[in-house]
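**Q** Protein chains in written order, with numbering that gives the first Met the number 0: chain A, 0 to 447; chain B, 0 to 227.
For each residue, glycine too, the CB sits at the ideal point set by N, CA and C.
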Amino acid sequence: MNRLRLNLLLLALITPLFGTEIEISLPTKDRQPTLYVATLRSSDHELENLVNYVISEDFTLDGRGKMFEKTTALLTFEKTKGEKLYSDEIWHTHKIDYVIFPNLSENKLVINLLNVRKSTIKTLSEIQLTASRDKNVHILHKASDFLMEQIYGKAGIASKRILYSFKPYRKEVDESTSSWTSEIFETDYLGIINRQITNEHSYLINPEFTRKGSRSFYYEFIYVTYKLGQPQIYLGKSDGSASVPLIKLCGNQLLPKVSFDGSFICFISDASGKSDVFIQKIDSSNQAIGKPIQVYSGTGQTSASPSLSPDNKLLAFVSDKTGDAKVYIANIEQTLVSRKPPLLERVKSTCSECTSPSFSHDGTKIVFSGKINGRRQIFLYDIKQKIAQQLTTGSEDKENPCFGSDDRHILYNTTSPTTDIFLLSIDQNKVRKLTKGSGEKHYPAIEK
Amino acid sequence: MKKSILLSFTSLLLCTSCTNTVAILSKKASDFGVFLKARALTYLEGDVNETKAAYTSAEFFGSTNEDFIPLDEKEINGSIAYASTPQPSFTPGTKDSLIPGIDLFKDPKETAGGIFKKIYFDTDQYTPNSSEAKQTLQKIANYLKKHPKTYVFVEGHCDKRASESYNLALGTKRSGTIRTILVNYGVNPNQLFSISYGKERPVALGNTNSDFAKNRRVAFKIYSKDEK
Numbered sequence: 000m001n002r003l004r005l006n007l008l009l010l011a012l013i014t015p016l017f018g019t020e021i022e023i024s025l026p027t028k029d030r031q032p033t034l035y036v037a038t039l040r041s042s043d044h045e046l047e048n049l050v051n052y053v054i055s056e057d058f059t060l061d062g063r064g065k066m067f068e069k070t071t072a073l074l075t076f077e078k079t080k081g082e083k084l085y086s087d088e089i090w091h092t093h094k095i096d097y098v099i100f101p102n103l104s105e106n107k108l109v110i111n112l113l114n115v116r117k118s119t120i121k122t123l124s125e126i127q128l129t130a131s132r133d134k135n136v137h138i139l140h141k142a143s144d145f146l147m148e149q150i151y152g153k154a155g156i157a158s159k160r161i162l163y164s165f166k167p168y169r170k171e172v173d174e175s176t177s178s179w180t181s182e183i184f185e186t187d188y189l190g191i192i193n194r195q196i197t198n199e200h201s202y203l204i205n206p207e208f209t210r211k212g213s214r215s216f217y218y219e220f221i222y223v224t225y226k227l228g229q230p231q232i233y234l235g236k237s238d239g240s241a242s243v244p245l246i247k248l249c250g251n252q253l254l255p256k257v258s259f260d261g262s263f264i265c266f267i268s269d270a271s272g273k274s275d276v277f278i279q280k281i282d283s284s285n286q287a288i289g290k291p292i293q294v295y296s297g298t299g300q301t302s303a304s305p306s307l308s309p310d311n312k313l314l315a316f317v318s319d320k321t322g323d324a325k326v327y328i329a330n331i332e333q334t335l336v337s338r339k340p341p342l343l344e345r346v347k348s349t350c351s352e353c354t355s356p357s358f359s360h361d362g363t364k365i366v367f368s369g370k371i372n373g374r375r376q377i378f379l380y381d382i383k384q385k386i387a388q389q390l391t392t393g394s395e396d397k398e399n400p401c402f403g404s405d406d407r408h409i410l411y412n413t414t415s416p417t418t419d420i421f422l423l424s425i426d427q428n429k430v431r432k433l434t435k436g437s438g439e440k441h442y443p444a445i446e447k
Numbered sequence: 000m001k002k003s004i005l006l007s008f009t010s011l012l013l014c015t016s017c018t019n020t021v022a023i024l025s026k027k028a029s030d031f032g033v034f035l036k037a038r039a040l041t042y043l044e045g046d047v048n049e050t051k052a053a054y055t056s057a058e059f060f061g062s063t064n065e066d067f068i069p070l071d072e073k074e075i076n077g078s079i080a081y082a083s084t085p086q087p088s089f090t091p092g093t094k095d096s097l098i099p100g101i102d103l104f105k106d107p108k109e110t111a112g113g114i115f116k117k118i119y120f121d122t123d124q125y126t127p128n129s130s131e132a133k134q135t136l137q138k139i140a141n142y143l144k145k146h147p148k149t150y151v152f153v154e155g156h157c158d159k160r161a162s163e164s165y166n167l168a169l170g171t172k173r174s175g176t177i178r179t180i181l182v183n184y185g186v187n188p189n190q191l192f193s194i195s196y197g198k199e200r201p202v203a204l205g206n207t208n209s210d211f212a213k214n215r216r217v218a219f220k221i222y223s224k225d226e227k
């Protein structure tokens, strides 16, 4: 503190000598901006409720801003002020930084974003809403992401779609193949959408989004289907058109994971008779290029859950090579050229039965599930510092975690007491349940 | 830890005492007397009089699988190959296959009497846990050798205690091991297809040790080309 004072004194003495202004910027902790979402009023009450709910909840779950509570006084004020709302001093009085004003006219949504401090307005205009609730939810999430980009400089993940496998609850055990079904469903950031996107009447698991950049409402994805018997990786389309096998390889193909740039799929297969790790090159139209490449084969070991780093050089996966299942990191860059097995680095952690590692989008962390005190929890591993940190507590068993594209959210499923999908906000340490009802909702994946 | 010591010790024993031995079938090798000798395994090549030592599974089984680019196997195993059985070069139910998908496979109770009994496993193990299992597998092998146009799905299942994804991988090992044992008993590998269901299809929904034991199993489904 004394040194800072001395420096400021020196600067004050020197400045007049040069006759110029020196701007001193001292590091300050960024204040979390305060946001207010004004209430949309419309004759279409269903749409009105949807707009109000989605935008407010998107910002709340994102967590980068502080949501200003809607008091009765403020709601009355909103009703009476009309257009004068934008210029009113009330926002300054309440120390609100940004106000979001949604307006709806004949299914066209206009959103104005008021920057209170700068007294500027940005308009997101003429958003055409449709008769489909699911499409409207997706459009509203996109609007939220746009607004977040304006406010924070970086979009949120509200519009990123989520896939999962859903197995209806069965009271009775039936071993016949035809009665045993599971389909792929889509949900969203808030768990509003609950759309079945496959209709195979077979057993489908392990969905994954393909190449990023899908701007359309419809998209392609991969999944594992048991429809012929042995589990195989298929490419599906969310518009319901016919799915096709993606990888030409005999035996079981399981646990596929698409690389961040969409150019590889890593998976496990017993084509050689062992549970080995493979990668398959994929082109821009999601077709396999060449043959799958075996990248890890452990004699007498069980290998599972491979996941590639963003630069496609590192592979994280699970192996029980030392007895207990642990996460390992392998540099496969040389392996792809030399065909020699990669050297493995074990991820050190206090948990046992580690499973389902998944890289962060910045490539610095791995999230995985492990057992501690009798429960499966989510752990975060810092690759540089080689430290694993327990992220979750509680009595539910948690599995299959993966990062949202902002690296601030983690998606996972519980396996007990119920099997449901959850979204964890790391910053806020808050969890949102995205699925409801009976049956098993598991193997979640989020758009990149 | 115990498992890996046993495996290492067995590997060492095989390397030093028997130059013709090429593979270890399982971690509990002694349960099944499964030291595989190259000279005893040439039936796969078709001519029992032509014998040769094989040092990798590709040499041993022939290059049955050219669907993928393999790792250098000698690098993986130090010249001793693990006796896993590569998958047949076709997937049942696909266009290239003369064998249908699983929908036309039946519960063997209907066609093969009580031969195809379920095989059970200890926790996290992928080799069977009883001498009864050995007898069952021997009977199944004899049946399949007598019925070369009968095809079998070998289904690997797990109990609910390990994670979902790990169990999917463990299921491949259980079904793959049983498939390999049947091959070693003389069954044509092209009659056998393994499937892993992980813990997705339990037969006992409870949480007792007895329920878990019932779910750690390999079950069979069969299809016979002779039956029209």
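Distance, Cα to Cα, residue 224/B vs residue 218/A?
**A** As a position in the second sequence, residue 224/B is number 225, starting the count at 1. As a position in the first sequence, residue 218/A is number 219, starting the count at 1. Rounded to whole angstroms, residue 224/B to residue 218/A spans 41 Å at the Cα level.
**Q** Can you give the beta carbon distance from residue 160/B to residue 211/B, rounded, assuming they're within the 8 Å contact cut?
**A** Position 161 of the second sequence, counted from the first residue, corresponds to residue 160/B. Position 212 of the second sequence, counted from the first residue, corresponds to residue 211/B. That belief holds up - the Cβ atoms of residue 160/B and residue 211/B are roughly 6 Å apart, short of 8 Å.
**Q** Report the CB separation of residue 438/A from residue 184/A in whole angstroms; it is logged as a contact under 8 Å.
**A** As a working note, residue 438/A is residue 439 in the first sequence. As a working note, residue 184/A is residue 185 in the first sequence. Incorrect: roughly 10 Å between the Cβ atoms, too far for contact.
**Q** Between which two residues does the alpha helix (DSSP H) harbouring residue 448/A extend?
**A** Residue 448/A lies beyond the residue range present for chain A, which begins at 0 and ends at 447; the question has no answer from this structure.
**Q** Beta-carbon separation of residue 348/A and residue 378/A under 7 Å?
**A** Working through the first sequence from its first residue, we reach residue 348/A at position 349. Working through the first sequence from its first residue, we reach residue 378/A at position 379. Going by C-beta atoms, residue 348/A is nearer than 7 Å to residue 378/A.
**Q** Give the single residue among 252/A, 233/A, 102/A whose Cα lies nearest to the Cα of residue 195/B.
**A** In the second sequence, residue 195/B corresponds to position 196, counting from 1. Of the listed residues, the one whose Cα sits closest to residue 195/B is 252/A.
**Q** Going by C-alpha distance, which of 333/A, 94/A, 224/A, 46/A is nearest residue 182/A?
**A** Here residue 182/A corresponds to residue number 183 of the first sequence, with the count starting at 1. Closest by alpha carbon: 224/A.
**Q** What would DSSP say about residue 364/A, mapped onto helix, strand or coil?
**A** The count along the first sequence starts at 1 and reaches residue 364/A at position 365. Of the three classes helix, strand and coil, the one that applies to residue 364/A here is strand, per DSSP.
**Q** Please name the residue in 31/A, 190/A, 57/A, 124/A whose C-alpha comes closest to that of residue 63/A.
**A** To locate residue 63/A, count along the first sequence from 1; it is residue 64. Measuring C-alpha to C-alpha distances from residue 63/A to each of 31/A, 190/A, 57/A, 124/A identifies 31/A as the nearest.
**Q** Compare the C-alpha of residue 276/A against each of 61/A, 80/A, 447/A, 248/A and name the closest.
**A** One-based indexing of the first sequence puts residue 276/A at position 277. Just measuring C-alpha positions, the residue of 61/A, 80/A, 447/A, 248/A sitting nearest residue 276/A is 248/A.
**Q** Starting from the beta carbon of residue 352/A, find every residue of chain B whose beta carbon is closer than 8 Å, and list them in chain order.
**A** Mapped onto the first sequence, residue 352/A falls at position 353. Within 8 Å Cβ-Cβ: 161, 162, 165.
**Q** Taking 7 Å as the threshold (beta carbon to beta carbon), is residue 374/A in contact with chain B?
**A** What you label residue 374/A is simply residue 375 of the first sequence in a count that begins at 1. Chain B contact via Cβ: absent.
**Q** Fully enclosed by the region 32 to 95 of chain A, which beta strand (DSSP E) runs are 3 residues long or longer?
**A** 33 to 36
**Q** Tell me which residues share the same chain as residue 109/A and place their Cβ nearer than 6 Å to its Cβ, disregarding the 5 neighbours each side in the sequence.
**A** On the first sequence, residue 109/A is found 110 positions in, with the first residue counted as 1. Same-chain partners within the cutoff: 102, 124.
**Q** With residue 337/A as the anchor, note down where its beta strand (DSSP E) starts and where it stops.
**A** Here residue 337/A is taken as the residue at index 338 of the first sequence, counted from 1. Careful: residue 337/A lies outside any beta strand (DSSP E), inside the alpha helix (DSSP H) at 332 to 337.
**Q** Quick check: the Cα distance between residue 221/B and residue 162/A, rounded to an integer number of angstroms?
**A** Within the second sequence, residue 221/B is the residue found at index 222, counting from 1. Within the first sequence, residue 162/A is the residue found at index 163, counting from 1. So the alpha carbons of these two residues sit roughly 34 Å apart.
**Q** In chain B, which residues lie with their C-beta within 9 Å of the C-beta of residue 290/A?
**A** For this step, residue 290/A is matched to residue 291 along the first sequence. Ordered by position in chain B, the residues that pass the 9 Å Cβ test against residue 290/A are 65, 66, 67, 68.
**Q** Residues of chain A with CB closer than 8 Å to the CB of residue 195/B, please, in chain order.
**A** By one-based count along the second sequence, residue 195/B stands at place 196. The answer, in chain order, is 230, 251, 253, 269.
**Q** Kindly indicate which three-state DSSP category residue 182/B falls into: helix, strand or coil?
**A** Reading the second sequence from its first residue, position 183 is the one you call residue 182/B. Of the three classes helix, strand and coil, the one that applies to residue 182/B here is helix, per DSSP.
**Q** For chain A, check one thing: does any of its Cβ atoms lie closer than 7 Å to the Cβ of residue 91/B?
**A** As a position in the second sequence, residue 91/B is number 92, starting the count at 1. Yes - at least one Cβ of chain A is within 7 Å of the one on residue 91/B.
**Q** Quick one: Cα of residue 147/B to Cα of residue 183/B, how far?
**A** As a working note, residue 147/B is residue 148 in the second sequence. As a working note, residue 183/B is residue 184 in the second sequence. Cα to Cα, residue 147/B sits roughly 15 Å from residue 183/B.
**Q** If I measure Cβ to Cβ from residue 47/A and keep anything under 6 Å in the same chain, skipping five residues before and after, which residues do I get?
**A** The residue labelled residue 47/A in the question sits at position 48 within the first sequence. Closer than 6 Å at the Cβ level, and outside the excluded window around residue 47/A, lie 39, 41.
**Q** Taking C-beta pairs closer than 7 Å, name the residues in chain A that residue 71/B reaches, listed in chain order.
**A** The count along the second sequence starts at 1 and reaches residue 71/B at position 72. Under the 7 Å cutoff, chain A gives 338, 339.
**Q** Just to confirm, are residue 151/B and residue 97/B a CB contact at a threshold of 7 Å?
**A** On the second sequence, position 152 is the one that residue 151/B refers to. On the second sequence, position 98 is the one that residue 97/B refers to. Result no, Cβ atoms of residue 151/B and residue 97/B do not sit closer than 7 Å.
**Q** What first and last residue would you give for the beta strand (DSSP E) that runs through residue 266/A?
**A** Here residue 266/A is taken as the residue at index 267 of the first sequence, counted from 1. Counting along the chain, the beta strand (DSSP E) containing residue 266/A begins and ends at 263 to 268.
**Q** Are the Cβ atoms of residue 185/B and residue 138/B separated by less than 7 Å?
**A** Here residue 185/B refers to the residue found at position 186 of the second sequence. Here residue 138/B refers to the residue found at position 139 of the second sequence. Contact flag unset, no.
**Q** In its own chain, which residues sit with a C-beta less than 6 Å from the C-beta of residue 172/B, not counting the 5 before and 5 after it?
**A** Along the second sequence, one-based indexing puts residue 172/B at 173. Closer than 6 Å at the Cβ level, and outside the excluded window around residue 172/B, lie 125.
**Q** Give the interface partners of residue 324/A over in chain B, defined as CB-CB distance under 7 Å, in chain order.
**A** Along the first sequence, read from residue 1 onward, the residue named residue 324/A stands at position 325. Correct list: 165.
**Q** Can you confirm whether residue 175/B, when its beta carbon is compared against all beta carbons of chain A, has any partner nearer than 7 Å?
**A** Here the question's residue 175/B lines up with position 176 in the second sequence. Cβ-Cβ to chain A under 7 Å: yes for residue 175/B.
**Q** Going along chain B in order, which residues have a C-beta closer than 8 Å to the C-beta of residue 90/A?
**A** In the first sequence, counting from the first residue as 1, residue 90/A sits at position 91. Those within 8 Å of residue 90/A in chain B number zero; the least Cβ separation is about 49 Å.
**Q** Rounded to whole angstroms, what's the CA-CA distance from residue 141/B to residue 110/B? Just pull it up for me.
**A** As a working note, residue 141/B is residue 142 in the second sequence. As a working note, residue 110/B is residue 111 in the second sequence. Distance between the alpha carbons of residue 141/B and residue 110/B: 15 Å.
**Q** For a minimum of 3 consecutive residues, which ranges assigned as the beta strand (DSSP E) are wholly contained in the region 144 to 200 of chain B?
**A** Along the length of the region 144 to 200 of chain B, whole beta strand (DSSP E) runs at least 3 residues long occupy 149 to 156, 191 to 197, reported in chain order.
**Q** Check whether the Cβ of residue 398/A lies closer than 7 Å to any Cβ atom in chain B.
**A** Stepping through the first sequence from its first residue, residue 398/A is reached at position 399. So, interface residue.
**Q** So which residues of chain B does residue 274/A contact, with C-beta pairs closer than 7 Å?
**A** Numbered from its first residue, the first sequence carries residue 274/A at position 275. Near residue 274/A (Cβ distances below 7 Å), the residues of chain B are 168, 171, 172.
**Q** Give the residues from the region 299 to 312 of chain A that approach chain B closer than 8 Å (Cβ to any Cβ), ordered along the chain.
**A** Residues 299, 301, 302, 303, 304.
**Q** Give me the chain A residues within the contact set of residue 127/B, using Cβ-Cβ distance strictly less than 9 Å, ordered along the chain.
**A** One-based indexing of the second sequence puts residue 127/B at position 128. In chain order: nothing, as chain A lies at least about 16 Å away.
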